[in-house]
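Okay, so here's the structure we're looking at.
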Amino acid sequence: MTTTYTFDVCSSLDGFGAAGGDWSGYWGKQGPELLDHRLALYEPEQRMVLGANTYRAFAQMLAASTEESDVRDPWVTRMRNLPATVVSTTLDEPLDWPDATVVRGDAVDAVARLKEESDVPLRSHGSLSMNRALMAAGLVDLVQVTLFPVVTGRSGLDPIFQGAADFDLELIESRTLDGRTLELSYRPTLHR
3 MTTTYTFDVC
13 SSLDGFGAAG
23 GDWSGYWGKQ
33 GPELLDHRLA
43 LYEPEQRMVL
53 GANTYRAFAQ
63 MLAASTEESD
73 VRDPWVTRMR
83 NLPATVVSTT
93 LDEPLDWPDA
103 TVVRGDAVDA
113 VARLKEESDV
123 PLRSHGSLSM
133 NRALMAAGLV
143 DLVQVTLFPV
153 VTGRSGLDPI
163 FQGAADFDLE
173 LIESRTLDGR
183 TLELSYRPTL
193 HR
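Read in order, the letters of the sequence shown correspond to residues 3 to 194 in the working numbering.
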């Protein structure tokens, strides 16, 4: 049996996964409904799949934070405590993540195997270049975009779909959180 794989990403309206300048996490637009919903998404048993760069960014961000900081909100804490597979050719175990293993080699091959072998759904947060490759290979079942009401044209970092293949997206679900942030869930198919 094949399990599902969700590419979960936060985005500005203009398609950036992060921003420099004086923007804070969530572009300063987090609210209680968003944070509660994010926690609910991560409550069920699932396995995280991260690329090496995203793993390093999360590990560095969490190491620099304190228990009281916004970085360690409940959903991020839950995400970190889920089992994780980190696809990397450069990292070695042990990782600074409670239940993480490193899988060497090509992400497409690794995730194809995981989808066949895993008893729980797979979810990736971030890991942009890896997920673009997985989408092109037809391994992403759901693209879940949390769209924040900001344009970061001058300070935007990490263009989410830059260099991606062309895809048709079937809208599966949409919701508004805190009256301003959208969550859009799509089923992607390679555009032919």
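Backbone N, C-alpha and C define an ideal beta-carbon position, used for all residues, glycine too.
State the beta-bridge partners of S120 as determined by DSSP. Along the sequence shown, one-based indexing puts residue 120 at 118. DSSP output for S120 lists no bridge partner at all.
Report the CB separation of S126 from V51 in whole angstroms; it is logged as a contact under 8 Å. For the purposes of this step, residue 126 is taken as residue 124 along the sequence shown, with counting starting at 1. For the purposes of this step, residue 51 is taken as residue 49 along the sequence shown, with counting starting at 1. At roughly 5 Å, the Cβ-Cβ gap stays under 8 Å, so S126 and V51 are in contact.
Report yes or no: do three or more beta-carbon pairs, one from the segment 185-192 and one from the segment 159-176, lie closer than 8 Å? The segment 185-192 and the segment 159-176 touch, with no fewer than 3 CB-CB distances between them shorter than 8 Å.
At which residue ranges does the segment 98-171 contain complete alpha helix (DSSP H) runs of 4 or more residues, listed in the order of the chain? 109-119, 130-138
What first and last residue would you give for the alpha helix (DSSP H) that runs through A54? For this step, residue 54 is matched to residue 52 along the sequence shown. In this chain, the alpha helix (DSSP H) harbouring A54 covers 54-65.
Stretch pair the segment 21-29 + the segment 144-160: three plus CB contacts closer than 8 Å: yes
Please classify G33: does DSSP put it in a helix, a strand, or coil? The residue given as residue 33 occupies position 31 in the sequence shown. Residue state, collapsed to three classes: coil.
Do V104 and L93 have their C-beta atoms closer together than 9 Å? Against the sequence shown, residue 104 aligns to sequence position 102. Against the sequence shown, residue 93 aligns to sequence position 91. Yes, the Cβ-Cβ distance between V104 and L93 is below 9 Å.
So the alpha helix (DSSP H) R194 belongs to, where does it begin and stop? Stepping through the sequence shown from its first residue, residue 194 is reached at position 192. Unbroken run through R194: none, as it is neither H nor E.
Is the beta carbon of L97 sitting closer than 9 Å to the one on V78? For the purposes of this step, residue 97 is taken as residue 95 along the sequence shown, with counting starting at 1. For the purposes of this step, residue 78 is taken as residue 76 along the sequence shown, with counting starting at 1. Not in contact: L97 and V78 (Cβ atoms no closer than 9 Å).
Can you tell me where the beta strand (DSSP E) with T87 in it begins and where it stops? Here residue 87 refers to the residue found at position 85 of the sequence shown. Element bounds for T87: 86-89.
Find the nearest neighbour of P123 within the set A109, L144, A138, judged by alpha-carbon distance. Taking the first residue of the sequence shown as position 1, residue 123 is located at position 121. Among A109, L144, A138, the Cα nearest to that of P123 is on L144.
So, is L43 buried or exposed, given that buried needs 16 or more other C-beta atoms within 10 angstroms? Position 41 of the sequence shown, counted from the start, is the residue given in the question as residue 43. L43 is buried by the Cβ-count criterion.
Beta-carbon spacing of Q146, T56 below 9 Å: Sequence index remark: in the sequence shown, residue 146 carries index 144 (1-based). Sequence index remark: in the sequence shown, residue 56 carries index 54 (1-based). Not closer than 9 Å, so no.
Using only CA atoms, which one of V88, Y28, V153 lies nearest to A109? Position 107 of the sequence shown holds residue 109. Of the listed residues, the one whose Cα sits closest to A109 is V88.
Might you give, ordered along the chain, the residues of its own chain that have their beta carbon closer than 6 Å to the beta carbon of G165, omitting 5 neighbours on each side? As a position in the sequence shown, residue 165 is number 163, starting the count at 1. So the list is empty, once near-sequence residues are dropped.
What span of residues does the beta strand (DSSP E) with T8 cover, start to end? As a position in the sequence shown, residue 8 is number 6, starting the count at 1. It spans 7-14 - the beta strand (DSSP E) in which T8 sits, taken as one unbroken run.
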